[in-house]
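Chains as they are written, first to last, in our numbering: chain A, 1061 to 1452; chain B, 41 to 380.
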């Protein structure tokens, strides 16, 4: 066990810090409160697109990748430092996540040569991608998806519906999971297609969140013809590809959630002082308990990273996903409690805090649902980490 | 930043686990219930690890975790706390060497009757670990006579004094109250830095032991959930039980990581160490409470019986939660740091 980073790693951090000091957009410092007030056109913020391209061009977009893919071949520890430094400075990394975080690594691993040519633009953010996974009847049970693709000469004909599809309104391409063998067991009949969003037969209907924002959508496919060359990986072998994400960054996915929790703790301290509740022993203790969680979760994240870097599986990912999202929700709830009768007020004329905490509380509901709900994480921990028998 | 165990640390854990499993079975804990001298054969094995007391806090905490896992009775925790204080005081080299060699035992008296482990001027010292059996006692007191306001008195053979045993639910641990009267004589000044360093180390040490006890409760519950069948299948296949165990392991894992981090900050004399050690003890308390409550629940009726061994570890966890500050006290100290 060793508390400090090595000299090489500290040099890496210094180089990154110098780059960020010089290039980080002013909007990054000012604009992002807690969860990030995304907005923009279909969820894409224009200055963030420019920033993503700048990161790519300087080899700071995915530092663990080679330069031609927006990186600098850095080590896993340096990737962790990179994620920490961005989170600490509250600098977002990309205008949208599907392209660089899901499409790029999946195509690099499973795509053919032509498909792999799509990768740089996906990472740089030049191409906006959406991911066609969830359906009305396939949420946590993703393998139950029903959108069908039938082979007809040299096209697949796609019919069905996707839902909760982030950025579908602005995306030019969709990474779409479809059923190609309705008779096989449900995990064995799924394939992955690249679908151009301007193909006839695609209809996108924006879905508005409970917060009033709309950055995801329902997508309807009616006799959509997709060239067979757009099949990614083997026919009926798509299930393995649903697990695709930046594998080498997986052990650092917790960094952002924990940094946010840390920042919320500090905001709670300020709020308690401003509302004169900083002498209330119950309030002090509740905020300290939140700090205990944030701090111990950070340690757990590092511990998971250590086993990941040694080549072991890192079950900490499920712990971190579940715990940081649940704690996040509770932290905003605490802020609302400190506001007393103003907890639910969103009237901006009634002070700078109006709506800030309750809005973040609502936004945080998504974090315990999306990307594997807390309940699914508990199943994963119980069965894959603790070795309990498959549940009923 | 690296949380992985070195080969030496891995070996330390494996060796400790092997010795303690053999030498501290539940039947020793039951014998100790009636006769406290039953810890003696175990001490012959654990004294060989006493040098950890003045070594790296990370190694010491790995060993303490294993000690908590078997709920080992005996003066190891007391003696290594004593060693930590002696090191900070830069006191008597011969005594420090003898303690590190496992030849001499000791304990530290801090809390007064108020039960706060901070220097105080109460002439009655309370919650003193193993005071009747150790060779030396270090009494920490508040005074107006020194710059830091803290002094330490070293006394030999505390067992010869009129000690009052404090009964707690934890039958694996011995605690005492002692009215020092006018015995506090020649005292060694203790700087604020030395006291702070001792307190930080003590907090993470007790946290490490507590995490071990919590881990035992968890391990027993997990094993039971896999073997106990109801409705024709293991109860561990039911989601209600699975989710309980997932939450238990989460709080346990995060407490373990918090202890490792805090121990590293102690070894590095990192500026974050006081805060990290408060976090570690608070998180360990949360892990212990959740795991002891839910392990009983998962065991059902059998866990509620005297015959079943679970209660021995339950007791250890409950008692240790309150040593060197309960979670709420550490939260209050964390709040002091947060609010400035």
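No residue lacks a Cβ here, since even glycine has one placed at the ideal position from N, Cα and C. A quick note: this is a predicted structure, and the numbers were derived from the prediction, not measured.
- Buried or exposed: where does residue 1424 (chain A) fall if 16 or more other Cβ atoms within 10 Å of its Cβ makes it buried? Within the first chain, the letter at position 364 stands for residue 1424 (chain A). Counting C-beta atoms within 10 angstroms of its own C-beta, residue 1424 (chain A) has 16 or more neighbours from the protein chains shown and is therefore classed as buried.
- Message: Please state whether the Cβ-Cβ distance between residue 1252 (chain A) and residue 1276 (chain A) is less than 8 angstroms.
- Response: If you number the first chain from 1, residue 1252 (chain A) lands on position 192. If you number the first chain from 1, residue 1276 (chain A) lands on position 216. Using a Cβ distance threshold of 8 angstroms, residue 1252 (chain A) and residue 1276 (chain A) do not count as a contacting pair.
- Task: Look up residue 1097 (chain A) in the DSSP assignment and say whether it is helix, strand or coil.
- Result: Translated into the one-based positions of the first chain, residue 1097 (chain A) becomes position 37. Confidence in residue 1097 (chain A) is poor, its pLDDT being 45 and thus under 50, which makes the residue's placement too unreliable to answer from.
- Sequence-distant residues of the same chain with beta carbon closer than 8 angstroms to residue 91 (chain B), five excluded per side: Counting from one through the second chain, the residue named residue 91 (chain B) turns up at place 51. The residues are 140, 141 and 142.
- Query: Touching or not, the segment 240 to 247 of chain B and the segment 308 to 324 of chain B, by the rule of three or more beta carbon pairs under 8 angstroms?
  - Reply: Touching, yes.
- Message: At the 8 angstroms Cβ level, is residue 1317 (chain A) part of the contact set with chain B, yes or no?
- Response: Counting from 1 along the first chain, the entry for residue 1317 (chain A) is found at position 257. Output row for residue 1317 (chain A): interface = no.
- Member of A:1289, A:1072 and A:1347 whose CA lies at the smallest distance from the CA of residue 1172 (chain A): Start at 1 with the first residue of the first chain, and residue 1172 (chain A) comes out as number 112. Cα-wise, what sits closest to residue 1172 (chain A) is A:1289.
- Message: Measuring only the C-alpha atoms, how far is residue 1339 (chain A) from residue 376 (chain B)?
- Response: Taking the first residue of the first chain as position 1, residue 1339 (chain A) is located at position 279. Taking the first residue of the second chain as position 1, residue 376 (chain B) is located at position 336. Counting only the Cα atoms, residue 376 (chain B) lies some 10 angstroms from residue 1339 (chain A).
- Query: What residues are listed by DSSP as bridge partners for residue 1339 (chain A)?
  - Reply: Mapped onto the first chain, residue 1339 (chain A) falls at position 279. None, per the DSSP bridge assignment.
- Task: Could you work out which residue in A:1419, A:1405, A:1363 and A:1371 is closest to residue 1389 (chain A) when comparing CA atoms only?
- Result: Walking along the first chain from the start, residue 1389 (chain A) turns up at place 329. Minimum Cα distance to residue 1389 (chain A) is reached at A:1419.
- Would you mind stating whether residue 261 (chain B) and residue 339 (chain B) have Cβ atoms separated by less than 8 angstroms? Mapped onto the second chain, residue 261 (chain B) falls at position 221. Mapped onto the second chain, residue 339 (chain B) falls at position 299. Yes, the pair counts as a contact, with Cβ atoms nearer than the cut-off.
- Minimum C-alpha distance to residue 1141 (chain A) - residue among B:55, B:41, B:326 and B:228: What you label residue 1141 (chain A) is simply residue 81 of the first chain in a count that begins at 1. Per the C-alpha coordinates, the member of B:55, B:41, B:326 and B:228 positioned closest to residue 1141 (chain A) is B:41.
- Task: Under 7 angstroms Cβ to Cβ from residue 85 (chain B), same chain only, skipping five residues before and after it: list those, please.
- Result: Translated into positions along the second chain, residue 85 (chain B) becomes position 45. Once the five neighbours on either side are set aside, the close Cβ partners of residue 85 (chain B) are 59 and 63.
- Query: What is the C-beta distance between residue 1399 (chain A) and residue 1412 (chain A), in whole angstroms, given that I count them as a contact (C-beta under 8 angstroms)?
  - Reply: Taking the first chain and counting its residues from 1, the one referred to as residue 1399 (chain A) is at position 339. Taking the first chain and counting its residues from 1, the one referred to as residue 1412 (chain A) is at position 352. The beta-carbon separation of residue 1399 (chain A) and residue 1412 (chain A), rounded to 11 angstroms, does not stay under the 8 angstroms limit for a contact.
- Backbone secondary structure at residue 1370 (chain A) - three-state DSSP: Along the first chain, read from residue 1 onward, the residue named residue 1370 (chain A) stands at position 310. Secondary structure at residue 1370 (chain A): coil, using DSSP grouped into helix, strand and coil.
- Query: Do residue 295 (chain B) and residue 316 (chain B) have their C-beta atoms within less than 8 angstroms of each other?
  - Reply: Residue mapping note: residue 295 (chain B) aligns to position 255 of the second chain, counting from 1. Residue mapping note: residue 316 (chain B) aligns to position 276 of the second chain, counting from 1. Taking 8 angstroms as the cut-off, the beta carbon of residue 295 (chain B) is found no closer than this to the beta carbon of residue 316 (chain B).
- Touch check for the segment 192 to 211 of chain B and the segment 225 to 243 of chain B: three-plus C-beta pairs under 8 angstroms? Between the segment 192 to 211 of chain B and the segment 225 to 243 of chain B, the count of C-beta pairs closer than 8 angstroms reaches three or more; the two stretches touch.
- Hey, quick one: how far does the beta strand (DSSP E) through residue 196 (chain B) stretch, first residue to last? Position 156 of the second chain holds residue 196 (chain B). Its beta strand (DSSP E) spans residues 190 to 196.
- Task: Output yes if chain B places a C-beta closer than 8 angstroms to the C-beta of residue 1405 (chain A); else output no.
- Result: For the purposes of this step, residue 1405 (chain A) is taken as the residue at position 345 of the first chain. By the rule that beta-carbons nearer than 8 angstroms mark a contact, residue 1405 (chain A) does not touch chain B.
- Step through the CB atoms of chain A and report whether any lies within less than 8 angstroms of the CB of residue 371 (chain B). Sequence index remark: in the second chain, residue 371 (chain B) carries index 331 (1-based). At least one chain A Cβ lies under 8 angstroms of residue 371 (chain B).
- Query: Could you check where the alpha helix (DSSP H) with residue 1279 (chain A) kicks off and where it finishes?
  - Reply: In the first chain, residue 1279 (chain A) corresponds to position 219, counting from 1. Boundaries for residue 1279 (chain A): no alpha helix (DSSP H) harbours it, while the beta strand (DSSP E) harbouring it runs 1276 to 1287, taken from the DSSP string.
- Proximal residues of chain B, C-beta to C-beta of residue 1314 (chain A) below 7 angstroms: Taking the first residue of the first chain as position 1, residue 1314 (chain A) is located at position 254. Simply none; closest approach about 11 angstroms.
- Message: Under 8 angstroms, Cβ to Cβ, is there at least one residue of chain B near residue 1429 (chain A)?
- Response: Taking the first residue of the first chain as 1, we reach residue 1429 (chain A) at position 369. Residue-level contact check: residue 1429 (chain A) does not touch chain B, since none of the beta carbons of chain B fall below 8 angstroms from its beta carbon.
- Task: For residue 1273 (chain A), name the three-state secondary structure that DSSP assigns.
- Result: On the first chain, residue 1273 (chain A) is found 213 positions in, with the first residue counted as 1. In the three-state DSSP reduction, residue 1273 (chain A) falls in the coil class, being neither helix nor strand.
- Under three-state DSSP, which class holds residue 147 (chain B)? Counted from its first residue, the second chain places residue 147 (chain B) at position 107. Here residue 147 (chain B) carries a strand assignment [DSSP, helix/strand/coil].
- Item | Interface residues of chain A facing residue 319 (chain B) [CB-CB closer than 8 angstroms] | The residue labelled residue 319 (chain B) in the question sits at position 279 within the second chain. In chain order: 1351, 1352, 1355 and 1356.
- Indicate whether at least one CB of chain B lies closer than 8 angstroms to the CB of residue 1433 (chain A). Translated into positions along the first chain, residue 1433 (chain A) becomes position 373. Not one beta carbon of chain B lies nearer than 8 angstroms to the beta carbon of residue 1433 (chain A).
- Would you report the Cα separation of residue 106 (chain B) and residue 148 (chain B), rounded to the nearest angstrom? Translated into the one-based positions of the second chain, residue 106 (chain B) becomes position 66. Translated into the one-based positions of the second chain, residue 148 (chain B) becomes position 108. About 22 angstroms.
- Beta-carbon of residue 274 (chain B) versus every beta-carbon of chain A: anything under 8 angstroms? Within the second chain, residue 274 (chain B) is the residue found at index 234, counting from 1. Residue-level contact by beta carbon holds for residue 274 (chain B) and chain A, with a gap shorter than 8 angstroms.
- Query: Under the DSSP definition of a beta bridge, which residues are partnered with residue 1237 (chain A)?
  - Reply: Within the first chain, residue 1237 (chain A) is the residue found at index 177, counting from 1. Partner(s): A:1252.
- Taking the DSSP output, what are the residues bridged to residue 217 (chain B)? On the second chain, residue 217 (chain B) is found 177 positions in, with the first residue counted as 1. For residue 217 (chain B), which the question treats as bridged, DSSP gives the partners B:204.
- Message: Below 7 angstroms on C-beta distance, what does residue 186 (chain B) contact in chain A?
- Response: The residue given as residue 186 (chain B) occupies position 146 in the second chain. Within 7 angstroms Cβ-Cβ: nothing; residue 186 (chain B) doesn't reach chain A, min ~31 angstroms.
- Cβ-Cβ distance between residue 306 (chain B) and residue 240 (chain B) below 8 angstroms: As a position in the second chain, residue 306 (chain B) is number 266, starting the count at 1. As a position in the second chain, residue 240 (chain B) is number 200, starting the count at 1. Cβ atoms of residue 306 (chain B) and residue 240 (chain B): closer than 8 angstroms.
- For residue 366 (chain B), which three-state DSSP category applies? Within the second chain, numbered from 1, the residue matching residue 366 (chain B) stands at position 326. Per DSSP, reduced to three states, the secondary structure at residue 366 (chain B) is coil, with no helix or strand assignment.
- Message: Measuring straight from C-alpha to C-alpha, what distance separates residue 1337 (chain A) and residue 1318 (chain A)?
- Response: What you label residue 1337 (chain A) is simply residue 277 of the first chain in a count that begins at 1. What you label residue 1318 (chain A) is simply residue 258 of the first chain in a count that begins at 1. Separation of residue 1337 (chain A) and residue 1318 (chain A) (C-alpha to C-alpha, rounded to the nearest whole angstrom) is 25 angstroms.
- Item | residue 1264 (chain A) - partner residues in DSSP beta bridges | Against the first chain, residue 1264 (chain A) aligns to sequence position 204. DSSP, once it has assigned bridges, lists A:1279 as partnering residue 1264 (chain A).
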